[in-house]
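Single-structure report; data block below.
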Amino acid sequence: MHVDTARELKAALSQRLSEAPPGAVVASGLPDGSGWSGIALGLAPVGPDQVHLAVRLVSEGDAALVMDGLDDAARSEVDVRVIGPVRPLTSPTPEQLQQRTRPLVPGLSVAHPDVTAGTLGGFVRRAGTPGLLVLSNNHVLAASDAATEGDPALQPGPADGGTARDRVGTLTAFQRFVPTGNLVDAAVAALDPGVEADPTGYPGGPLLAAVAASLEIDPDELVEKVGRTTGHTHGRITAVEVDGVGVQYDEGVVYTFDDQVEIEGVTGGFSDGGDSGSVVWRSRDRAPVGLLFAGSTTGGSNGGGVTFVSPLATVLQVLGLEWVAG
Numbered sequence: 001m002h003v004d005t006a007r008e009l010k011a012a013l014s015q016r017l018s019e020a021p022p023g024a025v026v027a028s029g030l031p032d033g034s035g036w037s038g039i040a041l042g043l044a045p046v047g048p049d050q051v052h053l054a055v056r057l058v059s060e061g062d063a064a065l066v067m068d069g070l071d072d073a074a075r076s077e078v079d080v081r082v083i084g085p086v087r088p089l090t091s092p093t094p095e096q097l098q099q100r101t102r103p104l105v106p107g108l109s110v111a112h113p114d115v116t117a118g119t120l121g122g123f124v125r126r127a128g129t130p131g132l133l134v135l136s137n138n139h140v141l142a143a144s145d146a147a148t149e150g151d152p153a154l155q156p157g158p159a160d161g162g163t164a165r166d167r168v169g170t171l172t173a174f175q176r177f178v179p180t181g182n183l184v185d186a187a188v189a190a191l192d193p194g195v196e197a198d199p200t201g202y203p204g205g206p207l208l209a210a211v212a213a214s215l216e217i218d219p220d221e222l223v224e225k226v227g228r229t230t231g232h233t234h235g236r237i238t239a240v241e242v243d244g245v246g247v248q249y250d251e252g253v254v255y256t257f258d259d260q261v262e263i264e265g266v267t268g269g270f271s272d273g274g275d276s277g278s279v280v281w282r283s284r285d286r287a288p289v290g291l292l293f294a295g296s297t298t299g300g301s302n303g304g305g306v307t308f309v310s311p312l313a314t315v316l317q318v319l320g321l322e323w324v325a326g
């Protein structure tokens with residue numbers, strides 16, 4: 001319907017809802033005496049100057065109150081969705097991310113028993129391995145090539161108090177390092193039976209199911225991540241297709257990486273030690289773009305250094321993984 005017609009219909013319905021007697025609408029999840037009907041009305045664009053009336057409900061049972069009195073033509077122009085209770089969205093603090101948490105969610109502290117702590121980036125699937133797998137870095141889950149497939153993964157990591165009792169999975173695959181030309185620092189661990197996980201548990205809700213292709217990652221894009229040390233941060237891509245990134249690992253060996261993405265924080269640093277393994281996503285559409293693995297403390301325009309991220313599409317290709325959004 002035309003936008004002006006929809007506004008008139010919205011105003012009429014709003015008036016009818018406001019005049020409904022107490023108790024006429026029973027929305028599940030609402031506190032007693034809230035005084036709210038449990039129904040929100042808006043406009044949903046469907047074309048030039050054309051919209052549907054957007055009806056958002058806490059409870060399916062409230063639909064009848066809105067639809068009663070509408071003729072068939074009007075009903076065909078109404079977009080009704082049950083969205084449940086709406087609450088303020090908050091981001092977990094670093095202190096919360098460093099605790100033992102079940103079900104598992106992205107951003108939590110995780111590590112091999114011989115590693116201090118890194119970050120659980122997200123969840124994937126791999127042919128031949130049943131169930132979900134935790135995605136993080138080689139240097140987080142595989143101790144920089146020192147681990148053996150079958151080793152445990154702990155949540156939280158040892159630096160945050162994790163012990164054998166906090167085992168959540170088994171190291172399943174990792175990409176070994178070579179002196180030069182590495183493309184990823186990545187590893188996965190298959191979840192143990194009975195360990196529950198929520199792949200949608202990012203700040204703001206689930207990420208897109210479609211991973212951004214490497215060539216679709218552009219400079220100046222605004223991005224976000226949630227990591228064990230600095231929590232939920234915002235950044236900006238400052239360079240792409242960066243070759244020859246030298247990363248000095250704990251054992252003093254320098255490995256170089258090609259085709260990497262550089263990010264700096266919008267204010268201060270984008271990441272810090274312990275954030276390795278975080279999945280980075282694009283702010284504008286929540287498309288996952290990369291796997292965070294290294295950074296510096298200087299060089300960023302905001303004084304917070306720069307962070308390096310491997311394109312997530314490359315990570316998935318190298319290890320034969322499928323991204324799980326929810």
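Note that the sequence shown covers residues 1 to 326 in my numbering. Think of the CB as a built atom: it goes at the ideal place given N, C-alpha and C, for glycine as much as any other residue.
For Asp-243, no alpha helix (DSSP H) encloses it, and the DSSP letter there is neither H nor E.
Remark: C-beta atoms of Val-188 and Thr-172 approach each other more closely than 7 Å. Of the residues assessed, Ile-83 falls on the exposed side of the cut-off, its CB having fewer than 16 other CB atoms within 10 angstroms. With respect to the C-alpha of Tyr-202, the residue from Asp-72, Thr-93, Glu-322, Val-3 having the closest C-alpha is Thr-93.
The DSSP assignment places 231 to 242, 245 to 248, 254 to 257, 260 to 265, 279 to 282 as complete runs of the beta strand (DSSP E) inside the segment 231 to 283, in order along the chain (cut-off: 3 residues). Relative to the Cα of Gly-121, the nearest Cα in the group Asp-114, Gly-204, Ser-278 belongs to Ser-278. Under the rule that a run must span 3 or more residues, the beta strand (DSSP E) segments found entirely inside the segment 85 to 171 read 122 to 126, 129 to 136, 152 to 154. DSSP places Val-306 outside both helix and strand once states are collapsed to three, so it counts as coil.
Assignment of Arg-81 by DSSP, reduced to helix, strand and coil, places it in the strand class.
DSSP places Gly-295 within a strand segment (E or B) once states are collapsed to three. Residue pairing of Ala-189 in beta bridges, as defined by DSSP: Val-134, Leu-171.
Counting along the chain, no beta strand (DSSP E) covers Ala-212, and no H or E run does either. If you draw a 10 Å sphere on the C-beta of Val-306, you find 16 or more other C-beta atoms in it, and that means buried.
Taking 7 Å as the cut-off, the beta carbon of His-234 is found no closer than this to the beta carbon of Val-254. The three-state secondary structure of Glu-8, taken from DSSP, is helix. For Ala-210, the closest C-alpha among the options Val-245, Ala-40, Asp-285 is that of Asp-285. DSSP places Ala-54 within a strand segment (E or B) once states are collapsed to three.
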